[in-house]
Amino acid sequence: MIFLQAIKNTTRFMKKMLLIIVPLLLIAVLFLLPREKSITQTANITCPMDAVTRLMVNTNQWNKWWPGKKINDSSFDYHNQPFAIETILLNGFKANNITQNLSSHLDVQFISQSITETQIIATTTFIFSANPFVKLQQYLSISNYKAEYAAFLQQLEAFFGNTQKVYGHKIEMQKVKFSSLISVKKGFDHYPTTTEVYALINELKAYIATQNGKEQDQPILNVYPLSQTEYEAMVAIATDKDLPSTNRYFLKNMMLGNIVVAPVTGGQNAINNCQREIENYVRDYKKESPAIPFQQLITNRVVETDTSKWMTTINFPVFR
9 MIFLQAIKNT TRFMKKMLLI IVPLLLIAVL FLLPREKSIT QTANITCPMD
59 AVTRLMVNTN QWNKWWPGKK INDSSFDYHN QPFAIETILL NGFKANNITQ
109 NLSSHLDVQF ISQSITETQI IATTTFIFSA NPFVKLQQYL SISNYKAEYA
159 AFLQQLEAFF GNTQKVYGHK IEMQKVKFSS LISVKKGFDH YPTTTEVYAL
209 INELKAYIAT QNGKEQDQPI LNVYPLSQTE YEAMVAIATD KDLPSTNRYF
259 LKNMMLGNIV VAPVTGGQNA INNCQREIEN YVRDYKKESP AIPFQQLITN
309 RVVETDTSKW MTTINFPVFR
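Quick look at the structure:
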C-alpha cells in the first residue's frame with residue numbers, strides 16, 4: 009500500500025512538473041525564434057532587362073506596372089498594404105511595408121538572363137515582434153503573406169511579359185512587302201505641314217503616272233531634323249516596278265526582309281511617342297537596322313482633318 013501510494017504521489021508530482029516545464033519550454037522556444045525570416049521568390053519574364061530598368065528606375069512610370077494604387081511619389085498600395093519606397097537602384101528597388109500585424113522589407117532585383125529574358129528576384133524579410141506570443145501569431149500568418157508576395161511577382165511577370173503593356177503599342181515583326189519605291193525630298197525652315205507633305209505625295213503620284221507605274225501601298229514619310237530650325241522631309245511610294253531616278257526623284261530598293269511595325273491612332277504627339285517606343289524596342293532587343301524608321305500614312309490627312317482619327321504605322325526595318 010505504501011509503495012502504491014508513493015507511485016501515485018510521484019505521478020502527481022510529475023504531472024505538476026510537466027504543467028510547469030511545458031509552458032516554460034514553449035516560452036523559451038518562442039523567445040528563441042529569430043526576429044527575422046526571409047523568403048526569396050523568383051520569376052523569369054520574357055522582356056529585355058533594359059525595358060524593365062527603364063520602367064522601374066523612374067517612379068513616374070510605376071503606375072504602368074505596379075499592381076496596385078499610387079499613394080504618392082514614394083508610396084504605393086498593394087492589397088491595402090502601404091509600401092514606402094526606400095531605394096531605387098539600376099537593377100531593382102527596396103521598399104518597406106509597415107502594418108499593424110507584421111512589418112516586412114521587400115528587396116526586388118532583376119538580372120539579365122539573355123537578350124529577351126530577365127529574372128526577377130523578390131526577397132521578403134519579415135520582422136517579428138519582441139513579444140513571444142505576438143511573434144507566434146506572426147509566424148503562423150507568414151503563409152498568407154507569402155502567397156500575397158507570390159501573387160505580386162506573378163502580376164509583374166504578366167505585365168513585363170506583355171509587349172503591348174511594356175511599350176504601350178502593339179509591336180509586331182513583319183516582312184517588307186515591296187522592294188521598289190520612288191522618293192522625293194525637300195528641306196524646310198520649319199516642321200513641314202500636312203499640306204506641304206501631301207504636296208510632295210501628289211507630286212510623286214504624278215511622276216509615277218508619267219512612268220506608267222502603279223502604286224502598291226500607302227505613302228511613307230520621314231521628317232529628319234537637320235538643326236533646331238531646319239528639317240528635311242522625305243516621302244516615298246511603293247511601285248510595281250523600278251522607276252528611273254532623276255535629279256528630283258530617287259529610286260529606293262528595300263530588302264524584302266524583316267520590319268518592326270506598330271500601329272498608332274492620333275496626331276503628331278501620339279506618332280512621336282509611338283516612334284520613341286518602337287526605337288526603344290529595337291534598342292532593347294539589340295536589333296540592327298539597315299534603314300531609318302518611317303511613318304506609313306494609312307489615313308489621308310488632308311481629307312481627315314481631325315488628328316485624333318489619323319491612322320499611321322511606324323515602321324523600322326531590321327536585319328533579324
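In terms of the working numbering, the numbers along the sequence shown are unbroken and rise by one, the last being 328.
Ideal Cβ placement from N, Cα and C applies to all residues, glycine included.
So, under 8 Å CB-CB, residue i and residue j are touching, yes? Tell me the CB distance rounded to an integer number of Å.
i	j	result
VAL243	LEU229	5 Å
SER120	MET57	4 Å
THR132	ILE53	Not quite, the Cβ-Cβ distance comes to about 19 Å (not below 8 Å), so this is no contact.
GLY275	THR315	3 Å
VAL326	VAL269	Incorrect: roughly 11 Å between the Cβ atoms, too far for contact.
SER112	ILE93	Contact flag wrong, Cβ pair sits at about 14 Å.
VAL192	GLU211	6 Å
PHE338	TRP70	Lying before the first or after the last residue shown, residue 338 is absent from the chain, which here runs from 9 to 328.
ASN261	SER187	5 Å
Cβ of residue i within 8 Å of Cβ of residue j?
i	j	result
ASP248	LYS185	no
LEU114	ALA103	yes
ASP206	ILE190	Asp is not the amino acid found at residue 206; the sequence shown has Tyr there. Going by C-beta atoms, TYR206 is not nearer than 8 Å to ILE190.
VAL231	ALA217	no
THR171	ARG309	no
ILE123	THR50	no
ILE267	LYS183	yes
TYR199	TYR239	yes
ARG256	LYS295	no
MET319	PRO271	yes
Going by the DSSP bridge assignment, what does residue i pair with across the sheet?
i	result
HIS113	ASN104, THR133
PHE258	SER191
ASN52	GLN127
THR95	LYS102
THR247	GLU223
ALA270	ILE322
PRO90	ASP85
Measure the alpha-carbon distance for residue i versus residue j and round it to whole angstroms.
i	j	result
PRO90	PHE160	13 Å
ILE150	ILE279	48 Å
PHE196	ILE245	21 Å
PHE324	GLY176	17 Å
GLU125	CYS55	5 Å
THR321	THR67	29 Å
ASP250	LYS178	32 Å
ALA59	GLU287	12 Å
ALA166	TYR147	30 Å
LYS143	ASP81	32 Å
ASN99	PHE118	5 Å
According to DSSP, is residue i part of a helix, a strand, or is it coil?
i	result
ASN170	coil
VAL184	coil
SER191	strand
PHE84	strand
TYR293	coil
PRO140	helix
ASN323	strand
GLY265	coil
GLU204	helix
LEU305	strand
VAL231	strand
VAL310	coil
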